[in-house]
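Read the structure below first, then the notes.
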Amino acid sequence: PKSEPIKGDVLNFDEVMDRMDHFMDWLAKQYVTALNIIHYMHDKYSYEASLMALHDRDVIRTMACGIAGLSVAADSLSAIKYAKVKPIRDENGLAVDFEIEGEYPQFGNNDSRVDDMAVDLVERFMKKIQKLHTYRNAIPTQSVLTITSNVVYGKKTGNTPDGRRAGAPFGPGANPMHGRDQKGAVASLTSVAKLPFAYAKDGISYTFSIVPNALGKDDEVRKTNLAGLMDGYFHHEASIEGGQHLNVNVMNREMLLDAMENPEKYPQLTIRVSGYAVRFNSLTKEQQQDVITRTFTQTM
């Protein structure tokens, strides 16, 4: 989209948010246009006639959109608003890095200042998608889900205003960025549970890892406490949607490090990644490293 470059020495939140909103309008159009073409060409060349013949006559068609790097975007906006972010520009005037002065609230700590930004981004983009024409009047939906693609997306993305380095993975799905959720399990789960499922009906995926000792001293206590955490996360009422999806890993980082170095000792080690279970040894080294660097919550 056409946009004048931001020329100030320090990024201004209102100016950045205005440009971002303009860019999201453009991106929504590109996204839906591409999906319309894909759906049309699929019907033209690969229509599932035999399957549709067995389908109920009242067909509800959806068109799946999605968000990746939500916590990167929310943290970046938070840094711009609550800290001081100076863009570092190359010889062409393009921002290639950012210098951050001061602290800023980070997604995953039950801090409404940044959590509300994440909520706004999910709602804002879905509303833009919903305004656009879709092939065969499909109902657009949205997910906050990456499976393991957060590694690839991060590899292709440069430095970001939250301090994330070029090439570093995004947080998977709706996860806070690795290591930034520092106030324990309840705070982290609460932040993610705020995300509006009404605007992300394809799913909001959170892969949550916690060390066994954080849940208690013995298995029975751990089971009870984990069940309590999950009940709280999924709780919903008229004014509270609550969480919708949770992958749970109860393990120590040290075991994964050992499995990475000595895979023969752990032939059946299975973990939750992002919506599914997978043998740890079947992941690429980059994917294994991403899992290992995620937050392993130490406290409730």
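Position 148 of the sequence shown, counting from 1, maps to 148 under full-length UniProt numbering, and the rest follow consecutively. Where is the CB? At the ideal position from N, CA and C, for every residue including glycine.
Hey, quick one: how far does the alpha helix (DSSP H) through residue i stretch, first residue to last?
{"i": "residue 258", "result": "253–261"}
{"i": "residue 71", "result": "70–82"}
{"i": "residue 232", "result": "219–234"}
{"i": "residue 33", "result": "13–46"}
{"i": "residue 154", "result": "149–155"}
{"i": "residue 205", "result": "Run containing residue 205: none; DSSP gives neither H nor E here."}
Do residue i and residue j have their C-beta atoms closer together than 9 angstroms?
{"i": "residue 161", "j": "residue 76", "result": "yes"}
{"i": "residue 244", "j": "residue 204", "result": "yes"}
{"i": "residue 185", "j": "residue 300", "result": "yes"}
{"i": "residue 138", "j": "residue 33", "result": "no"}
{"i": "residue 252", "j": "residue 207", "result": "no"}
{"i": "residue 122", "j": "residue 70", "result": "yes"}
{"i": "residue 277", "j": "residue 241", "result": "no"}
{"i": "residue 93", "j": "residue 5", "result": "yes"}
{"i": "residue 248", "j": "residue 222", "result": "no"}
{"i": "residue 79", "j": "residue 47", "result": "no"}
{"i": "residue 173", "j": "residue 145", "result": "yes"}
{"i": "residue 290", "j": "residue 192", "result": "no"}
{"i": "residue 153", "j": "residue 68", "result": "yes"}
{"i": "residue 141", "j": "residue 200", "result": "yes"}
{"i": "residue 72", "j": "residue 177", "result": "yes"}
{"i": "residue 155", "j": "residue 286", "result": "yes"}
{"i": "residue 115", "j": "residue 74", "result": "yes"}
Taking buried to mean at least 16 other C-beta atoms within 10 Å of its own C-beta, is residue i buried or exposed?
{"i": "residue 215", "result": "buried"}
{"i": "residue 229", "result": "buried"}
{"i": "residue 267", "result": "exposed"}
{"i": "residue 170", "result": "buried"}
{"i": "residue 117", "result": "buried"}
{"i": "residue 85", "result": "buried"}
{"i": "residue 106", "result": "buried"}
{"i": "residue 11", "result": "buried"}
{"i": "residue 81", "result": "buried"}
{"i": "residue 180", "result": "buried"}
{"i": "residue 60", "result": "exposed"}
{"i": "residue 158", "result": "exposed"}
{"i": "residue 96", "result": "exposed"}
{"i": "residue 35", "result": "buried"}
{"i": "residue 231", "result": "exposed"}
{"i": "residue 38", "result": "exposed"}
{"i": "residue 23", "result": "exposed"}
{"i": "residue 294", "result": "buried"}
{"i": "residue 41", "result": "exposed"}
{"i": "residue 51", "result": "exposed"}
So, under 8 angstroms CB-CB, residue i and residue j are touching, yes? Tell me the CB distance rounded to an integer number of Å.
{"i": "residue 326", "j": "residue 147", "result": "This structure cannot speak to residue 326, because the chain is shown only from 1 to 300."}
{"i": "residue 296", "j": "residue 288", "result": "The Cβ separation is near 14 angstroms, so there is no contact."}
{"i": "residue 262", "j": "residue 187", "result": "Residue 262 to residue 187, Cβ: 34 angstroms. No contact."}
{"i": "residue 334", "j": "residue 2", "result": "Since the first and last residues shown for the chain are 1 and 300, residue 334 lies out of range."}
{"i": "residue 195", "j": "residue 119", "result": "6 angstroms"}
{"i": "residue 163", "j": "residue 100", "result": "6 angstroms"}
{"i": "residue 18", "j": "residue 128", "result": "Incorrect: roughly 15 angstroms between the Cβ atoms, too far for contact."}
{"i": "residue 256", "j": "residue 292", "result": "5 angstroms"}
{"i": "residue 64", "j": "residue 143", "result": "7 angstroms"}
Just verifying my parser: in three-state terms, what is the DSSP assignment at residue i?
{"i": "residue 213", "result": "helix"}
{"i": "residue 101", "result": "strand"}
{"i": "residue 188", "result": "helix"}
{"i": "residue 265", "result": "helix"}
{"i": "residue 281", "result": "helix"}
{"i": "residue 241", "result": "coil"}
{"i": "residue 63", "result": "strand"}
{"i": "residue 6", "result": "coil"}
{"i": "residue 53", "result": "helix"}
{"i": "residue 200", "result": "coil"}
{"i": "residue 304", "result": "In the structure displayed, the chain extends from 1 to 300; residue 304 sits before or after that span and is not available."}
{"i": "residue 160", "result": "coil"}
{"i": "residue 293", "result": "helix"}
Go to residue i, then tell me how far its beta strand (DSSP E) extends in each direction, as first and last residue.
{"i": "residue 171", "result": "Looking at the DSSP string, residue 171 is not in any beta strand (DSSP E), and its letter there is neither H nor E."}
{"i": "residue 130", "result": "First-last for residue 130: 112–130, but that is the alpha helix (DSSP H), not the beta strand (DSSP E)."}
{"i": "residue 143", "result": "139–144"}
{"i": "residue 272", "result": "270–272"}
{"i": "residue 248", "result": "247–250"}
Chain B beta carbons: is any one of them nearer than 9 angstroms to that of residue i?
{"i": "residue 88", "result": "Of the chains in the structure shown, none is chain B; there is only one protein chain."}
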